[in-house]
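To start, the structure under review is shown below, and the notes come after it.
Protein chains in written order, with the working numbering: chain C, 32 to 345; chain X, 606 to 846.
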């Protein structure tokens, strides 16, 4: 009984305790801007991706999915006009989300349209789209426009205080933040465990195969053949990071180091393989693992006022 | 908010959290016995919102380069053995922020996993890009990098030259609605070419021949290979970006 009570208290604290809205605001702005850029670029080829001019006719859009993945219901656009309308509304809602205008509503609209486009043509989706799905979903719950938004800036400018955060909003907001944090841990742990099945990740040569993929690599790194230990170190470090990320990211003393390593890993992926959007969507979620104090330190550092704060109470 | 309302809200949200987290934690391993037993209560929620993803970035092994090469067969070029070869997806000449290439690659791989989808959706699209085409002669090409230890340390040869190109046997696809007067001749021609290559296949894909499967790409069809008859892929084929 005592254990159950302790568990319930820990659950309550983890999922529902009030959290700062600053990390949420920064995450919303960064991820929103990234998604706006990504889906604006995708919109250039919208006819190829989402109309019958491409390879997947609307009437057969779901046929490409295995039976197990068939959705029970769908709302993807069937006509050219509807597709165009969806595109426009999605981009507008992304602008609103980025600026923090009607944050939750914008997130909901974006999420539903995002799912609609994936339903319309699942084949063109890649990592960035699928991780973004969870980010949009979590933003629906987060009180995301309270900080770092046009709404809050306007309130300050007009000398009006923003309406205090309600208790329900606070509870649901923390839940939304936890859902995407847990999702990131699941993504890393699954992909890490899947790597454990592969011989190249065990013998330390996987990174060699990655950089040897001329289809994705932006430049030739074949000279790394002279540094096999470096290849092995990168391979094992990646594996170690992905498998253990879900554990170490929750342990405060090493959290920042884990995130820093992850940033390095994803920047490496960006500048070698060119998976720009995927990498930055992943990095965007890291922003939710930082505390308000970290952002204040960061801002002070750039203002030249940085003084190291004691970690007590943070 | 009263204590009772707060408790009710938290209990309701806890139920949702438990269900959602259970879905997203279980469905990447949907082939497990738990996934198979519980799919009826998980997929109605997960599938429409795309919460059913597997996560296999560069795993279980990094994928090799993979693309298709095809020749357009027109009534005029039916007997021409020197038809131009077209690569799909076309590789961008320089770095672009846009992800058109990645999406095209993902689409080609996804459809290529299942020959039925490839024939039904991808071939008609490619045919439409070439007016007058009556068919396409398509082959899959895989490029693998040699083992690091096998390379000469002093060599300055780059990956493009090092890559070991594996041409998988090709297959002729008829364009929808095209009247092929000499289809038999084309098949004969392919057979002859296949015999010349010495693979004994007659240029036609064999049973369990990887030529019928364009590897790589999205992971879903692989995962469900036991369920809907999609084909198994070679190592690294489950790789997704």
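Built from N, CA and C at the ideal position, the CB exists for glycine as well. Bear in mind the structure is a predicted one, so any value in this text is a computation, not a measurement.
Outcome for residue i when other beta-carbon atoms lying within 10 angstroms are tallied against a minimum of 16
i: residue 776 of chain X; result: buried
i: residue 239 of chain C; result: buried
i: residue 680 of chain X; result: exposed
i: residue 782 of chain X; result: exposed
i: residue 660 of chain X; result: buried
i: residue 306 of chain C; result: buried
For residue j and residue i, the rounded distance between their alpha carbons
i: residue 763 of chain X; j: residue 245 of chain C; result: 10 Å
i: residue 316 of chain C; j: residue 217 of chain C; result: 13 Å
i: residue 290 of chain C; j: residue 280 of chain C; result: 7 Å
i: residue 323 of chain C; j: residue 49 of chain C; result: 12 Å
i: residue 655 of chain X; j: residue 716 of chain X; result: 18 Å
i: residue 802 of chain X; j: residue 229 of chain C; result: At residue 802 of chain X, the pLDDT of 48 sits below 50, so the modelled position is not reliable; the number obtained from the coordinates is stated separately. In a straight line, the C-alpha of residue 802 of chain X is about 32 Å away from that of residue 229 of chain C.
i: residue 252 of chain C; j: residue 299 of chain C; result: 13 Å
i: residue 148 of chain C; j: residue 730 of chain X; result: 20 Å
i: residue 818 of chain X; j: residue 275 of chain C; result: Low per-residue confidence applies at residue 818 of chain X: pLDDT is 31, beneath 50, and the placement is therefore not dependable, though the value from the model is reported in the following sentence. Near 35 Å, if we compare the C-alpha coordinates of residue 275 of chain C and residue 818 of chain X.
i: residue 773 of chain X; j: residue 691 of chain X; result: 16 Å
i: residue 837 of chain X; j: residue 671 of chain X; result: Residue placement at residue 837 of chain X cannot be trusted, given a pLDDT of 33 that sits under 50; the coordinates are not used to answer.
i: residue 150 of chain C; j: residue 60 of chain C; result: 26 Å
i: residue 739 of chain X; j: residue 278 of chain C; result: 57 Å
i: residue 720 of chain X; j: residue 629 of chain X; result: 30 Å
i: residue 786 of chain X; j: residue 693 of chain X; result: The predicted position of residue 786 of chain X is uncertain, since its pLDDT is 49 and thus under 50; a value taken from the coordinates is nonetheless stated next. Approximately 27 Å between the Cα atoms of the pair.
i: residue 718 of chain X; j: residue 97 of chain C; result: 11 Å
i: residue 770 of chain X; j: residue 744 of chain X; result: 12 Å
i: residue 201 of chain C; j: residue 51 of chain C; result: 9 Å
i: residue 134 of chain C; j: residue 126 of chain C; result: 10 Å
i: residue 272 of chain C; j: residue 296 of chain C; result: 9 Å
i: residue 560 of chain X; j: residue 292 of chain C; result: Residue numbering for chain X in the displayed model covers 606 to 846; residue 560 of chain X lies beyond these limits and cannot be assessed.
Closest by C-alpha distance to residue i, when choosing among the options
i: residue 101 of chain C; options: X:647, X:750, X:619 and X:698; result: X:647
i: residue 312 of chain C; options: C:193, C:161 and C:154; result: C:161
i: residue 778 of chain X; options: X:676, X:756, X:686 and X:689; result: X:676
i: residue 183 of chain C; options: C:56, C:284, C:73 and C:285; result: C:56
i: residue 153 of chain C; options: X:761, X:711 and X:733; result: X:711
i: residue 614 of chain X; options: C:145, C:206 and C:165; result: C:206
i: residue 142 of chain C; options: C:285, C:66, C:269 and C:113; result: C:66
i: residue 174 of chain C; options: C:209, C:330 and C:164; result: C:209
i: residue 725 of chain X; options: C:116, C:166, C:243 and C:90; result: C:90
i: residue 653 of chain X; options: C:104, C:58 and C:314; result: C:104
i: residue 284 of chain C; options: C:321, C:273 and C:261; result: C:321
i: residue 700 of chain X; options: C:211, C:302 and C:319; result: C:302
i: residue 346 of chain C; options: C:132, C:204, C:72 and C:139; result: Only positions 32 to 345 of chain C appear in this structure, which leaves residue 346 of chain C out of reach.
i: residue 727 of chain X; options: C:95, C:266 and C:215; result: C:95
i: residue 224 of chain C; options: X:633, X:626 and X:621; result: X:633
i: residue 650 of chain X; options: X:626, X:665 and X:664; result: X:626
i: residue 243 of chain C; options: X:761, X:780 and X:752; result: X:752
i: residue 684 of chain X; options: X:765, X:742, X:770 and X:758; result: X:742
i: residue 257 of chain C; options: X:621, X:761, X:766 and X:636; result: X:761
i: residue 263 of chain C; options: C:168, C:165, C:129 and C:236; result: C:236
i: residue 84 of chain C; options: C:43, C:121 and C:114; result: C:114
* For the segment 731-756 of chain X, which residues have a CB atom closer than 9 Å to at least one CB atom of chain C, in sequence order? -> Listed by position, the residues of the segment 731-756 of chain X near chain C (Cβ gap below 9 Å) are 731, 733, 748, 749, 750, 751, 752, 753, 754 and 756.
* Quick one: which residues of the segment 695-708 of chain X get their C-beta closer than 8 Å to a C-beta of chain C? List them in chain order. => Residues 696, 700, 702, 703, 704, 705, 707 and 708.
* Mind checking the segment 145-167 of chain C against chain X and listing, in chain order, the residues whose C-beta falls within less than 8 Å of any C-beta there? => Hits within the stretch, in order: 146, 149, 150, 152, 153, 154, 155, 156, 157, 158, 159, 161, 164 and 165.
* To do: Check distances from the C-beta atoms of the segment 665-691 of chain X to those of chain C and list, in chain order, the residues that come in under 8 Å.
  => Under the 8 Å Cβ criterion, the segment 665-691 of chain X contributes 665, 666, 667, 668, 669, 670, 671 and 672.
* Any chance you could list the alpha helix (DSSP H) runs of at least 4 consecutive residues sitting entirely within the segment 155-227 of chain C, in chain order? => With a minimum length of 4 residues, the unbroken runs of alpha helix (DSSP H) contained wholly in the segment 155-227 of chain C fall at 158-172, 181-188 and 198-226.
* To do: Could you list the residues in the segment 198-210 of chain C with a C-beta less than 9 Å from some C-beta on chain X, going in chain order?
  => The segment 198-210 of chain C vs chain X, Cβ under 9 Å: 198, 199, 202, 203, 206, 209 and 210.
* Which residues, in order along the segment 634-645 of chain X, keep a beta-carbon less than 8 Å from a beta-carbon of chain C? -> So the close ones are 634, 635 and 644.
* Asked: Using a beta-carbon distance cut-off of less than 9 Å, what residues from the segment 770-784 of chain X approach chain C?
  -> Listed in sequence order: no entries.
* **Where the segment 97-112 of chain C meets chain X: residues whose CB sits under 7 Å from a CB there** => Those would be 97, 98, 99, 100, 101, 102, 103, 104 and 105, in chain order.
* What are the residues of the segment 220-242 of chain C that lie near chain X, defined by any Cβ-Cβ distance shorter than 9 Å? -> Considering only beta carbons, the part of the segment 220-242 of chain C lying closer than 9 Å to chain X consists of 220, 221, 222, 223, 224, 225, 226, 227, 228, 229, 230, 231, 232, 236, 237, 238, 239, 240, 241 and 242, in chain order.
* Within 7 Å of chain X by C-beta, residues of the segment 252-268 of chain C in sequence order -> When C-beta distances to chain X are compared with 7 Å, the residues of the segment 252-268 of chain C below that value are 253, 256, 257, 259 and 262, in chain order.
* Asked: What residues in the segment 42-72 of chain C bring their beta carbon closer than 9 Å to a beta carbon of chain X?
  -> Answer set for the segment 42-72 of chain C: 42, 43, 46, 47, 68, 69 and 72.
* To do: Give, in chain order, every residue of the segment 79-98 of chain C whose Cβ lies closer than 9 Å to some Cβ of chain X.
  => Residues 79, 80, 84, 85, 86, 87, 88, 91, 94, 95, 96, 97 and 98.
* To do: Using a Cβ-Cβ cut-off of less than 9 Å, give me the residues of the segment 302-318 of chain C that come near chain X, in sequence order.
  => Listed in sequence order: 304, 305, 306, 307, 308 and 309.
* Asked: Relative to chain C, which residues along the segment 618-634 of chain X have a C-beta separation below 9 Å, given in chain order?
  -> Residues of the segment 618-634 of chain X with a Cβ closer than 9 Å to any Cβ of chain C, in chain order: 618, 619, 621, 622, 625, 626, 629, 630, 633 and 634.
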